[in-house]
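Participant: Line by line, the protein sequences give chains A and B. For the first sequence, this note's numbering begins at 1 and goes up steadily by one. For the second sequence, this note's numbering begins at 1 and goes up steadily by one. A virtual CB, placed ideally from N, CA and C, is assigned to each residue, including glycine.
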Amino acid sequence: MEVGQMQRQWLDYTKSLFLEGFLDGQFLQLQQLQDESNPDFVVEVVSLFFEDSEKLLNDLTSALGQQSVDFKRVDAHVHQLKGSSSSIGAQRVKNACIALRNYCEEQNIEGCIGCLQQVKHEYNMVKNKLENLFRLEQQIVAAGGSIPMTELGF
Amino acid sequence: MVKMEDIGARILAGDHQVQYGQNQRTKIKALVVDDNMINQALHRTLLRNLGIENHVVGNGREAVDVHCSGRRFDLILMDLDMPVMNGIEATKKLRAMGIQSTIAGVSSRSVDENIQEFWEAGLDDYQQKPLNFPKLVSILQKVNHSV
Numbered sequence: 001m002e003v004g005q006m007q008r009q010w011l012d013y014t015k016s017l018f019l020e021g022f023l024d025g026q027f028l029q030l031q032q033l034q035d036e037s038n039p040d041f042v043v044e045v046v047s048l049f050f051e052d053s054e055k056l057l058n059d060l061t062s063a064l065g066q067q068s069v070d071f072k073r074v075d076a077h078v079h080q081l082k083g084s085s086s087s088i089g090a091q092r093v094k095n096a097c098i099a100l101r102n103y104c105e106e107q108n109i110e111g112c113i114g115c116l117q118q119v120k121h122e123y124n125m126v127k128n129k130l131e132n133l134f135r136l137e138q139q140i141v142a143a144g145g146s147i148p149m150t151e152l153g154f
Numbered sequence: 001m002v003k004m005e006d007i008g009a010r011i012l013a014g015d016h017q018v019q020y021g022q023n024q025r026t027k028i029k030a031l032v033v034d035d036n037m038i039n040q041a042l043h044r045t046l047l048r049n050l051g052i053e054n055h056v057v058g059n060g061r062e063a064v065d066v067h068c069s070g071r072r073f074d075l076i077l078m079d080l081d082m083p084v085m086n087g088i089e090a091t092k093k094l095r096a097m098g099i100q101s102t103i104a105g106v107s108s109r110s111v112d113e114n115i116q117e118f119w120e121a122g123l124d125d126y127q128q129k130p131l132n133f134p135k136l137v138s139i140l141q142k143v144n145h146s147v
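1) Measuring only the C-alpha atoms, how far is Phe-22(A) from Ala-90(A)?
2) What span of residues does the alpha helix (DSSP H) with Ala-121(B) cover, start to end?
3) Which partner residues does Ala-30(B) have in the DSSP bridge list?
4) Does Leu-19(A) come within less than 8 angstroms of chain B when only Cβ atoms are used?
5) Does DSSP classify Ala-143(A) as helix, strand or coil?
6) Buried or exposed for Lys-82(A), please, with buried defined as at least 16 other CB atoms from any protein chain shown within 10 angstroms of its CB.
7) Note down the Cα distance separating Gln-24(B) from Val-143(B), rounded to an integer number of angstroms.
8) So Leu-88(A) contacts chain B; which residues on that side make the cut at Cβ distance below 7 angstroms?
9) My understanding is that Val-33(B) touches Gly-60(B), with C-beta atoms under 8 angstroms, so please give their C-beta distance in whole angstroms.
10) Going by the DSSP bridge assignment, what does Ala-90(A) pair with across the sheet?
11) Please determine if the segment 120-129 of chain A and the segment 99-111 of chain A are in contact, where contact requires at least 3 C-beta pairs separated by less than 8 angstroms.
12) Who are the neighbours of Val-45(A) on chain B, taking C-beta pairs under 7 angstroms?
13) Anything in the segment 34-67 of chain A with a Cβ closer than 8 angstroms to a Cβ of chain B? List those residues in chain order, please.
14) Please state if the CB of Gln-9(A) and the CB of Met-149(A) are separated by a distance shorter than 8 angstroms.
Okay, here's the thing in C-alpha cells:
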C-alpha cells in the first residue's frame, strides 16, 4: 500500500473512532501536544493509561470479589480510572466508570459486578482500536510519510 | 510561525506593548499536584509546551513539603482528591504559611458539585478536568493579573 492510501486509511479510522464515541475532544488535545520536541507523546501517555488501567481493573475485580466489599476502596479505584480515561479522551470507558460509581454509591454489589464487566469491555475495545491506530501510524512513518493530523478537519 | 513558548510569554505580558525577548523573559514556574500518573504527564506537557518550568508532586503533603524546603512557584495546579493530604487541606496549609502563589484547583468535580469548600480554602481559580490548552490559558491569565 502506498503512503497516500495509508494516510487516507488513518484519517478514516481516526474519524470513525470519534464518530463512534470511543474518543472525544480530549484525544485531539493530546495529539496537539505532540510535536518535534515530543514526537511520541500520545503513544507514551496512552501506554501509561493501558498499564494503569490494567492494574486498576485487576484491583477492582479483586475488591468486588471480597467476602465483605469495601465500597470506599472500590470507589477510589473507579475514581482513578474515570480520571485517567477522561484525561486521554477514552469517552466510553469514562462513561462506564460513571455508571459503576453510581452502583458503588448505592452499595449494590450485583450492579457493580455487572458494570465492571461493561467497563472492561469498553476498555478492551478502545485498547484494541488505539493499538490499530498506532500500528497504522508506524506503517506511515516507516514508509517515509507523515501523520496527516491537520487534515482531520476538527 | 508562532511558537507555543512565545504565546506563553505574550499571555504573561498581558496587553502590554512590551516585547518580551527570549532572554528577557522570566520563566514562570509551576507546581503540579496530582496523584494520577496520566494527569501528571498531561499537565507537565501542557505547561512545558507553553515554556513553563514545572515540578510535579503526588499529593498535598508533598506540595507543602516542597514549599517548606524553600521552593516557590508562580502557579500551583492543585488536584482535589489525593491520598495523604487532599487539595483542600494543602491549599489551607499553603495559605496559612503565607504562600501567595496563584493556586488553581483542578478536579473532576463540576462547578455545581460541592467545590465551595475548595474555593474557601484559598483558590484563585478552578477548572474542571480534563485539563487542556484552552483551560490552562484561562488559568494563566489569572497569574498575570495577580502579579
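Facilitator: Reading it off the structure:
1) 6 angstroms
2) Run containing Ala-121(B): none; DSSP gives neither H nor E here.
3) Asn-54(B), Leu-75(B)
4) no
5) coil
6) Buried, since its Cβ has 16 or more Cβ neighbours within 10 Å.
7) With a pLDDT of 38 at Gln-24(B), under the threshold of 50, the modelled position of that residue is not reliable, and no figure is offered here.
8) It is worth fixing the name first, because residue 88(A) is Ile in this sequence and not Leu. Ordered by position in chain B, the residues that pass the 7 angstroms Cβ test against Ile-88(A) are Ile-38.
9) The C-beta distance from Val-33(B) to Gly-60(B) rounds to 7 angstroms, short enough to meet the 8 angstroms contact threshold.
10) According to DSSP, Ala-90(A) bridges with Leu-23(A).
11) no
12) Ile-38, Ala-41, Leu-42
13) Asp-35, Asn-38, Phe-41, Glu-44, Val-45, Leu-48, Phe-49, Asp-52
14) No, Cβ-Cβ distance for Met-149(A) and Gln-9(A) is not below 8 angstroms.
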